[in-house]
Amino acid sequence: MPSSLLLEVPALADFNRAWTELTDWLSLLDRVIKSQRVMVGDLEDINEMIIKQKATLQDLEQRRPQLEELITAAQNLKNKTSNQEARTIITDRIERIQSQWDEVQEHLQNRRQQLNEMLKDSTQWLEAKEEAEQVLGQARAKLETWKEAPYTMDAIQKKITETKQLAKDLRQWQINVDVANDLALKLLRDYSADDTRKVHMITENINASWASIHKRVSEREAALEETHRLLQQFPLDLEKFLAWLTEAETTANVLQDATHKERLLEDSKGVRELMKQWQDLQGEIEAHTDIYHNLDENGQKVLRSLEGSEDAALLQRRLDNMNFKWSELRKKSLNIRSHLEASSDQWKRLHLSLQELLVWLQLKDDELSRQAPIGGDFPAVQKQNDVHRAFKRELKTKEPVIMSTLETVRIFLTEQPLEGLEKLYQEPRELPPEERAQNVTRLLRKQAEEVNTEWEKLNLHSADWQRKLDEALERLQELQEATEELDLKLRQAEVIKGSWQPVGDLLIDSLQDHLEKVKVLRGEITPLKENVSYVNDLARQLTTLGIQLSPYNLNILEDLNTRWKLLQVAVEDRIRQLHEAHRDFGPASQHFLSTSVQGPWERAISPNKVPYYINHETQTTCWDHPKMTELYQSLADLNNVRFSAYRTAMKLRRLQKALCLDLLSLSAACDALDQHNLKQNDQPMDILQVINCLTTIYDRLEQEHNNLVNVPLCVDMCLNWLLNVYDTGRTGRIRVLSFKTGIISLCKAHLEDKYRYLFKQVASSTGFCDQRRLGLLLHDSIQIPRQLGEVASFGGSNIEPSVRSCFQFANNKPEIEAALFLDWMRLEPQSMVWLPVLHRVAAAETAKHQAKCNICKECPIIGFRYRSLKHFNYDICQSCFFSGRVAKGHKMHYPMVEYCTPTTSGEDVRDFAKVLKNKFRTKRYFAKHPRMGYLPVQTVLEGDNMETNLQAEYDRLKQQHEHKGLSPLPSPPEMMPTSPQSPRDAELIAEAKLLRQHKGRLEARMQILEDHNKQLESQLHRLRQLLEQPQAEAKVNGTTMSSPSTSLQRSDSSQPMLLRVVGSQTSESMGEEDLLSPPQDTSTGLEEVMEQLNNSFPSSRGHNVGSLFHLADDLGRAMESLVSVMTDEEGAE
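So for the sequence shown, the numbering used here puts the first residue at 19; every next one is plus one.
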């Protein structure tokens, strides 16, 4: 809105502020509505969101009166103003905010309706999901009941019937799964803007499980059908095979009889004919070998299933008969071959047969060796086992041939005499007959032994390989089952993990619930560590056995271990994120304070919870809040106030108003402190406790003064100030007493009420306070002006003189009560004078005096009014007075009276009488009789304005290097790594550190010097007063009043000599600027001085003026010597 319009129509500013506030709130509410996502399918989450939407709608309705008031105010403004531009702007803004209101309300209602529909759809889907999971459970239960069925027709038929019934049930149950899928698709389609991961993952799991069950049932049904067919065919095949065996046996008997005829070997044609018939028979035997093995294997299965029944005995007899006939048939076939080969070249045939067997055995041994190594997964080893079973069947088939050949060789060698062998073995001819016969025998025997040895080795090799395969199958079976079990459990945990919402999307109130759920999940997955270890142990055992796992198994193991580690990491990260979110956003967090700064600033938190601030433009960090830095810089404007008590009070008043503590009543502060049970004053408070207490205080202030208090900003700045005062090292700890002292000192309350409360905090249960406890209170109190760099003006950091003064005021009692403490505080001791001056400054802010300043001509005078008691109708405003300006004809040593509230007629008459009286007094009288209630005096520290100069230099260096991140406090955490500092930077940092150290030493030495100076000045002044004016006048309530202690004047001749505080707010004498005389000196009376003089000069009882002046000169020289020594030490440093 144009500033010219705001000037022309002032009421527009209030309207514009209210309109902006309501618009911003509506925009924020709309963004919150759009950003809120719920977990589709989670009824609890949806219900919580519905409740929150309802509460948000109620908040909107509660704000409707504000909208209506704004519209009414707009109409009134339009009626009152004739500016067309202003009327147009008002109309446009009202239309816009009404449209925005309706839009937000519509969004809320639509979202609420959508959530209700989502709740209904999710409920239906969950019910359908439960039904689908129920039928899945029933199907799994039936699958688990499946066992190896007896190998009988009835059992197999029963299993087939059960499997078909299950398949039928699955077709019926498919409807439940389809309904759940349809409802899930509806949820995924209609509420895609929300979180649908839970619905998606559960639906995928249901469909995958359903497909797996379908596949198992189909495979089971096919296997049972095949088994049933084989069983049906088995009796027929057995009968058919037995019939063939009978025919083959008959043929073999005929051939065997024919081969045993005499002189058969001489008929070569007959031998060839028999050999051809034998080959046909042998071909049929080999063709029926597989049929025999299948019948034998199936028969054994049937026998195991019929164990103990009559059918089993019958079938056993038939199988034994089949095996006997088969063995006899093969033996007869081999005998027939042996007889047919019994000719003149028989030994050669035997030799060739043995050689063939050796070659075959070598080939089989190589084949068996090639079956190694053992496969790395269950299917591969199962295949190897099947191959080896076929290999063993081949060995079993070959066994009769080998045994028959070896038996034939044995018989041949036994029956043939050496003469016959000599005839058979004709080569080489040169050998003797006996040697030739021996060679034939040796050769056949050697080959037979080799065949027998290789056969035994092959059988042992086969048996060993079978043992390894069986062991590998057992271990791989265990590994497969363990991996499947682990995979299932990991999938279940991953489903839960997949349903997690991002931590940033969670509601703050639900963080603790989510944290508990994740901890429960962590407890549930902890036993999975044993499963993972078991799987890995099985894998290592297989490696120990020489079994190299297949890439498939290795990938599964790696996948399971990776998923387990990721799951652990995810759970721990989730817990950590929730802990951090709960810490940063929960009830005990500082998150709400992040809004106390605006860009480019960011609020951050150090490990001990102390806040610091990051400037992203300059890439620096600092401890002070940006607004606090601006406030401290603005306090520099008050450094031109010449009188430190007023300077400090005015700085504190500006700080008090910036922290909104001027709105805090003492009762409200006490309620907040009691609410947080802050009763142990010696106990430390951490940052969160301080923030919680401050939040309680400012929340109450916001309720009482809605438009004046920004809770996050006030809490953050007040925390910043408390840390600057009581925790300069940023340890993150403040004592309860320090916290109370800081808050109570700046709250809105009567001065004596504050004194009573503070005294109560350090008093014992009996209501008395000793020196130590009073020292704690004064120490915490003096830190407040110390933080502003004004501590030297109030006696420095050493509070021992103030404590001693208080107890001397109480006649050196060991403990004091509240009444004595209040009486002493009414004297405004030097260490606490800033507090009553603060109250007078606050009272004078709104004071309007119907008078004109004789210097700057301000009329009416706002604030303090200073009326001359020397001249009629002579007034000075606070600005001129604080800057030391005077009008012509008026001297600084003339008496004046101060008013912090408008004067009454009685006060005017009283002051007129004082002026009239003072008219008859000479200038010499005022020079010699300074009657003062408050006198800004020059202390040793302020003689050359050293404290101010040091503070100014300190502030200059701080501002000069602030962009480099330098701070007099411990450096806050850096935002990012910084480049190495240049030599110039290092030099400046060293200079700043040295200056701070030097400032501390100077302050300590200045305090010592000041204490000594005060004592010397006090004694010297009393001596002079005793000689020149032994009696002091005392006036009350507006009349001039003798000072409790007279102090040195400023060297500046323009310094005022007489001040008196008058006002309705307080009747105490105002604290002096520097109050050089300690309070204990103030309480010293004339009698004590006389007694000291008498003790010092016992021989001089009369008015020995010369002796007194000599003593005064000695004291003056001692003071000058002390100052000189201190100055020389400082110069040497």
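Beta carbons are placed, not taken as given, at the ideal position from N, Cα and C, and that holds for glycine.
Exercise. Residues bridged to Ile623 by DSSP?
Worked result: The count along the sequence shown starts at 1 and reaches residue 623 at position 605. Its beta-bridge partners are Pro629.
For this session: Measure the C-alpha to C-alpha separation of Met1024 and Asn738 and round it to an integer number of angstroms.
Result: Position 1006 of the sequence shown, counted from the start, is the residue given in the question as residue 1024. Position 720 of the sequence shown, counted from the start, is the residue given in the question as residue 738. Straight-line Cα distance between these residues: approximately 29 Å.
For this session: Report the residue from Glu412, Val320, Gln274 whose alpha carbon sits nearest the alpha carbon of Glu304.
Result: As a first step, residue 304 is located in the sequence shown; it is residue number 286 there, counting from the start. Nearest C-alpha to Glu304: Glu412.
Exercise. Which full runs of the beta strand (DSSP E) of 3+ residues lie inside the segment 903-940, going along the chain?
Worked result: 914-917
For this session: Counting only runs of 4+ residues fully inside the segment 156-210, write out the alpha helix (DSSP H) ranges in chain order.
Result: 171-208
For this session: Within its chain, find whatever has a CB closer than 8 Å to the CB of Ile709; leave out the 5 residues flanking it on each side and keep chain order.
Result: The residue labelled residue 709 in the question sits at position 691 within the sequence shown. Closer than 8 Å at the Cβ level, and outside the excluded window around Ile709, lie Gln608, Leu611, Val733, Leu737.
For this session: Classify Val538 as buried or exposed, calling it buried when 16 or more other Cβ atoms lie within 10 Å of its own Cβ.
Result: To locate residue 538, count along the sequence shown from 1; it is residue 520. The residue is exposed, with fewer than 16 neighbouring Cβ atoms inside 10 Å.
Exercise. Considering only residues of the segment 862-895, which uninterrupted alpha helix (DSSP H) runs meet the minimum length of 4 residues and lie entirely inside it, listed in chain order?
Worked result: none
Exercise. From Lys160, Lys176, Thr277, Leu144, pick the residue whose C-alpha is nearest to that of His218; which is it?
Worked result: One-based indexing of the sequence shown puts residue 218 at position 200. Here the closest residue by C-alpha is Leu144.
Exercise. Cβ of Leu755 within 7 Å of Cβ of Asp798?
Worked result: For the purposes of this step, residue 755 is taken as the residue at position 737 of the sequence shown. For the purposes of this step, residue 798 is taken as the residue at position 780 of the sequence shown. Yes. Within cutoff.
Exercise. Should the segment 666-679 be called in touch with the segment 799-816, which here means at least 3 C-beta pairs below 8 Å?
Worked result: yes
Problem set entry | Pair within 7 Å by beta-carbon distance, Arg671 and Ala860 | By one-based count along the sequence shown, residue 671 stands at place 653. By one-based count along the sequence shown, residue 860 stands at place 842. Result yes, Cβ atoms of Arg671 and Ala860 sit closer than 7 Å.
Exercise. Per DSSP, what kind of secondary structure is Leu30 in: helix, strand or coil?
Worked result: One-based indexing of the sequence shown puts residue 30 at position 12. Helix at Leu30.
Exercise. First and last residue of the beta strand (DSSP E) that includes Asp704?
Worked result: Position 686 of the sequence shown holds residue 704. Counting along the chain, the beta strand (DSSP E) containing Asp704 begins and ends at 702-704.
Exercise. Which one or two residues does DSSP pair with Thr639 in a beta bridge?
Worked result: Within the sequence shown, the letter at position 621 stands for residue 639. The partner list for Thr639 (beta bridge, DSSP) reads Ile632.
Exercise. If we ignore side chains and look at the alpha-carbon of each, how far apart do Leu376 and Ser351 end up?
Worked result: As a working note, residue 376 is residue 358 in the sequence shown. As a working note, residue 351 is residue 333 in the sequence shown. About 21 Å.
Exercise. Would DSSP call Leu436 helix, strand or coil?
Worked result: Reading the sequence shown from its first residue, position 418 is the one you call residue 436. The pLDDT assigned to Leu436 is 45, lower than 50, so where the model puts this residue is not dependable; a value taken from the coordinates is nonetheless given after this. Residue state, collapsed to three classes: helix.
Exercise. If you drop the 5 nearest sequence neighbours on each side, which residues of the same chain put their C-beta closer than 7 Å to that of Ala466?
Worked result: Stepping through the sequence shown from its first residue, residue 466 is reached at position 448. Only Leu372, Leu424, Val427 meet the Cβ criterion.
For this session: Could you tell me which uninterrupted beta strand (DSSP E) segments, each at least 3 residues in length, are contained entirely in the segment 367-446, listed from first to last along the chain?
Result: none
Exercise. Smallest Cα separation from Val729: which of Asp745, Cys711, Asn742?
Worked result: For the purposes of this step, residue 729 is taken as residue 711 along the sequence shown, with counting starting at 1. Out of Asp745, Cys711, Asn742, Cys711 has the C-alpha closest to the C-alpha of Val729.
Problem set entry | Best match in Ala92, Ile68, Ala73 for proximity to Arg35 [C-alpha to C-alpha] | Position 17 of the sequence shown, counted from the start, is the residue given in the question as residue 35. Checking every option, the nearest Cα to that of Arg35 belongs to Ala92.
Problem set entry | Exposure of His597, with buried meaning 16 or more beta-carbon neighbours within 10 Å | Locating residue 597 in the sequence shown gives position 579, counting from the first residue. It counts as exposed.
Exercise. What residue does the alpha helix (DSSP H) around Arg247 start on, and which one ends it?
Worked result: For the purposes of this step, residue 247 is taken as residue 229 along the sequence shown, with counting starting at 1. Taken as a continuous stretch (DSSP letters only), the alpha helix (DSSP H) holding Arg247 covers 215-277.
For this session: Assess, as a yes-or-no matter, whether the segment 869-876 is touched by the segment 892-901 under the definition of 3 or more beta carbon pairs within less than 8 Å.
Result: yes
Problem set entry | Chain-order list of residues whose beta-carbon lies under 8 Å from that of Val419 (same chain, five-residue window excluded) | On the sequence shown, residue 419 is found 401 positions in, with the first residue counted as 1. Same-chain partners within the cutoff: Leu352, Leu375.
Exercise. Residues in its own chain within less than 6 Å of Leu75 by CB, not counting five upstream and five downstream?
Worked result: Counted from its first residue, the sequence shown places residue 75 at position 57. These residues qualify, in order along the chain: Leu126.
Exercise. Does the distance from the C-beta atom of Val933 to that of Leu887 stay below 7 Å?
Worked result: As a position in the sequence shown, residue 933 is number 915, starting the count at 1. As a position in the sequence shown, residue 887 is number 869, starting the count at 1. Yes, Cβ-Cβ distance for Val933 and Leu887 is below 7 Å.
Problem set entry | Same chain, Cβ closer than 8 Å to Asp212, five either side skipped, listed in chain order | Counting from one through the sequence shown, the residue named residue 212 turns up at place 194. Within the same chain, Asp212 has close Cβ partners Arg55, Val56, Met57, Val58, Met136.
Exercise. Is there contact between the segment 694-708 and the segment 616-631, where contact requires at least three CB pairs shorter than 8 Å?
Worked result: yes
For this session: Assign Phe342 to one of three DSSP states: helix, strand, or coil.
Result: Within the sequence shown, residue 342 is the residue found at index 324, counting from 1. Phe342 falls in the helix class under three-state DSSP.
For this session: Kindly indicate which three-state DSSP category Ser1085 falls into: helix, strand or coil?
Result: In the sequence shown, the residue the question calls residue 1085 occupies position 1067. Here the model assigns Ser1085 a pLDDT of 30, short of 50, so the residue's position is not dependable, and the following value carries that caveat. Residue state, collapsed to three classes: coil.
For this session: For the beta strand (DSSP E) containing Arg753, list its first residue and its last residue.
Result: In the sequence shown, counting from the first residue as 1, residue 753 sits at position 735. Unbroken beta strand (DSSP E) run through Arg753: 751-753.
For this session: Could you name the residues of the same chain whose beta carbon sits closer than 8 Å to that of Leu88, not counting the 5 residues immediately before and after it, in chain order?
Result: In the sequence shown, counting from the first residue as 1, residue 88 sits at position 70. Once the five neighbours on either side are set aside, the close Cβ partners of Leu88 are Phe33, Ala36, Trp37, Leu40, Ile112, Ile115.
For this session: In angstroms with no decimal places, state the Cα-to-Cα distance between Leu656 and Ala622.
Result: For the purposes of this step, residue 656 is taken as residue 638 along the sequence shown, with counting starting at 1. For the purposes of this step, residue 622 is taken as residue 604 along the sequence shown, with counting starting at 1. Looking at the two C-alpha atoms, the distance is approximately 32 Å.
Problem set entry | Terminal residues of the alpha helix (DSSP H) in which Lys766 lies | Within the sequence shown, residue 766 is the residue found at index 748, counting from 1. Taken as a continuous stretch (DSSP letters only), Lys766 belongs to no alpha helix (DSSP H), as it is neither H nor E.
Exercise. Name the DSSP beta bridge partners of Ile593, please?
Worked result: Residue mapping note: residue 593 aligns to position 575 of the sequence shown, counting from 1. Ile593 pairs with nothing; no bridge assigned.
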